[in-house]
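Q: Just dropping this structure here.
Protein chains in written order, with my numbering: chain A, 32 to 239; chain B, 11 to 119.
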């Protein structure tokens, strides 16, 4: 027995298999795209409401497309918990910064960091977006998320110099991710027909 | 000429290897279940690339050893088998890894 048991590789393979359906890309792309569209209508808050709808729709889509084809897996909760922790910390920090900025502006002095963030808002948004993709990529072991992170960074960095409105970049980014996700989903559906094997001891004639 | 007993004394001590886990297909099943909380039969079959019959028979052996828990449930009126390593299975797998590592380290260059 000279083979090394590479558990990290096995774990990565399990994550990659479960997320090869492209559904996470479809939903991320759709959310970003719709957020851009709501920006045009000056109703960005609708994008946040849609987020909650999308989470339930994602779970339903997994049940329809993924589980009948490659089965179901429940990963160890540590990674999801760390993602939730990062999200809570990020949200708390943003809220805290917002309150501090509001109080300082109300007090008659605009802080330097706020002026910087306003001046370079495209870069700030790009960095935050890229960081979010990296966190998701690390948590769920999806390498293509790092490519999305790079794409986000490049697009918003370019946006800093090109002076088109923000929603142009948001819509373009969302569309690209959505299309790539749809391509992955189509490939996945073609590659894996729904399985007839449901259970141990049932439909046991197959592949024996 | 040395007796067999004397030669055995010179061999590095080989810890007891769990033969239930040592079989390659069962080792693969245990490793795949070790890295997740639970998985269904289909997912495990896709990951291990074992045939239905093979996977089924190895799972039965692991279940008999108390290493794998097989729970049957119905999801949308369809039978669904959820597989998970028991605490005993997790401990046995970790001990197996430790033992096999020890054996390999003790081997002469």
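Positions of the beta carbon are idealized from the N, C-alpha and C atoms, including for glycine.
With 16 as the cutoff for other CB atoms within 10 Å, does residue 118 of chain A come out buried or exposed?
A: To locate residue 118 of chain A, count along the first chain from 1; it is residue 87. Under this definition residue 118 of chain A is an exposed residue.
Q: Beta-carbon of residue 11 of chain B versus every beta-carbon of chain A: anything under 8 Å?
A: Your numbering for residue 11 of chain B matches position 1 in the second chain. Note that residue 11 of chain B scores a pLDDT of 48, beneath 50, so its modelled location is shaky; the value from the coordinates is reported in the next line. For residue 11 of chain B, the answer is no, since every Cβ of chain A falls outside 8 Å of its Cβ.
Q: In chain A, which residues lie less than 8 Å from residue 42 of chain B when you measure between Cβ atoms?
A: Here residue 42 of chain B refers to the residue found at position 32 when the second chain is read from its first residue. Here the neighbours are 41, 45.
Q: Residue range of the beta strand (DSSP E) that residue 117 of chain B falls in?
A: For this step, residue 117 of chain B is matched to residue 107 along the second chain. Segment: none, residue 117 of chain B is in no beta strand (DSSP E) and carries neither H nor E.
Q: With DSSP collapsed to three states, give me the class of residue 47 of chain B.
A: Reading the second chain from its first residue, position 37 is the one you call residue 47 of chain B. Residue 47 of chain B: strand per DSSP, three-state reduction.
Q: Taking Cβ positions only, does residue 215 of chain A come closer than 8 Å to chain B?
A: If you number the first chain from 1, residue 215 of chain A lands on position 184. No - not a single Cβ of chain B is within 8 Å of the one on residue 215 of chain A.
Q: Counting pairs of beta carbons, one from the segment 76 to 93 of chain B and one from the segment 43 to 61 of chain B, are three or more of them closer than 8 Å?
A: yes
Q: When we look at the beta-carbon of residue 118 of chain B and count the other beta-carbons within 10 Å, is it buried (16 or more) or exposed?
A: The residue you call residue 118 of chain B lines up with position 108 of the second chain. Its Cβ having fewer than 16 others within 10 Å, residue 118 of chain B is exposed.
Q: Could you please give me the residues that DSSP links to residue 89 of chain B through a beta bridge?
A: Locating residue 89 of chain B in the second chain gives position 79, counting from the first residue. DSSP lists B:84 as partners of residue 89 of chain B.
Q: Say whether chain B places a C-beta atom closer than 8 Å to the C-beta of residue 108 of chain A.
A: What you label residue 108 of chain A is simply residue 77 of the first chain in a count that begins at 1. Interface criterion met: the Cβ of residue 108 of chain A is under 8 Å from a Cβ in chain B.
Q: Can you list, in chain order, the residues of the segment 175 to 207 of chain A whose Cβ is nearer than 7 Å to any Cβ on chain B?
A: Listed in sequence order: no entries.
Q: Assuming the contact rule is C-beta atoms closer than 8 Å, residue 94 of chain B and residue 43 of chain B should be a hit. Round their C-beta distance to whole Å, please.
A: Translated into the one-based positions of the second chain, residue 94 of chain B becomes position 84. Translated into the one-based positions of the second chain, residue 43 of chain B becomes position 33. Right, their Cβ atoms sit about 7 Å apart.
Q: Closer than 9 Å by beta-carbon distance: list the chain B residues that pair up with residue 48 of chain A, in chain order.
A: Position 17 of the first chain, counted from the start, is the residue given in the question as residue 48 of chain A. Ordered by position in chain B, the residues that pass the 9 Å Cβ test against residue 48 of chain A are 53, 56, 57.
Q: Terminal residues of the continuous alpha helix (DSSP H) containing residue 164 of chain A?
A: To locate residue 164 of chain A, count along the first chain from 1; it is residue 133. Here the alpha helix (DSSP H) through residue 164 of chain A covers 152 to 171.
Q: Which residues in the same chain have their Cβ closer than 7 Å to the Cβ of residue 73 of chain B, if we skip the five residues on either side of it in sequence?
A: Numbered from its first residue, the second chain carries residue 73 of chain B at position 63. So the list reads 80, once near-sequence residues are dropped.
Q: Taking just the CA atoms, how far does residue 216 of chain A sit from residue 159 of chain A?
A: Indexing the first chain from 1 puts residue 159 of chain A at position 128. Indexing the first chain from 1 puts residue 216 of chain A at position 185. The alpha-carbon atoms of residue 159 of chain A and residue 216 of chain A are separated by roughly 27 Å.
Q: Is residue 105 of chain A helix, strand or coil by DSSP?
A: For the purposes of this step, residue 105 of chain A is identified with residue 74 of the first chain, where counting begins at 1. Looking at residue 105 of chain A - three-state DSSP - the assignment turns out to be strand.
Q: Please classify residue 42 of chain A: is it buried, with 16 or more other beta-carbons within 10 angstroms of its beta-carbon, or exposed?
A: Here residue 42 of chain A is taken as the residue at index 11 of the first chain, counted from 1. Residue 42 of chain A is buried by the Cβ-count criterion.
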